[in-house]
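One structure is given below, encoded as structure tokens.
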Amino acid sequence: AEGESRADNLAWRLVAQLALNFLSLAKEGRGVDPLHALLDLYADRGDPSLARNVHSIVRIDSRSVIERLQ
Numbered sequence: 056a057e058g059e060s061r062a063d064n065l066a067w068r069l070v071a072q073l074a075l076n077f078l079s080l081a082k083e084g085r086g087v088d089p090l091h092a093l094l095d096l097y098a099d100r101g102d103p104s105l106a107r108n109v110h111s112i113v114r115i116d117s118r119s120v121i122e123r124l125q
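FYI, in the numbering used here the residues of the sequence shown are 56 to 125.
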């Protein structure tokens, strides 16, 4: 039963990662929330210091750039 629960947890974490893409990080003023969610997927849930490190990120700045690749 524990193995199934772990597999289900990993499957949902994969789905969550796929839902978080670069576009969600590029939203002005909202990029830090998806970044926290993405980093939380990989943080060891038994280590509170990792959660503190993830949530110590308070802001990210990004901008979209469209250029022709050569």
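Just so you know, even glycine gets a beta-carbon here, dropped at the ideal spot from N, CA and C.
Every value quoted in this text rests on a predicted model; they were computed, and no experiment measured them.
- Rounded to whole angstroms, N76 and D88 show a C-alpha spacing of 12 Å.
- Selection R68, H110, R85, A98 evaluated against D116 yields R85 as nearest (Cα-Cα).
- Sequence-distant Cβ neighbours of H110 in its own chain, meaning closer than 7 Å and more than five residues away, are H91.
- Residue state for Q125 is assigned as coil, using DSSP reduced to three classes.
- Between the C-alpha atoms of W67 and S79 there is a straight-line separation of about 18 Å.
- In the displayed model, R118 falls within coil according to three-state DSSP, outside both helix and strand.
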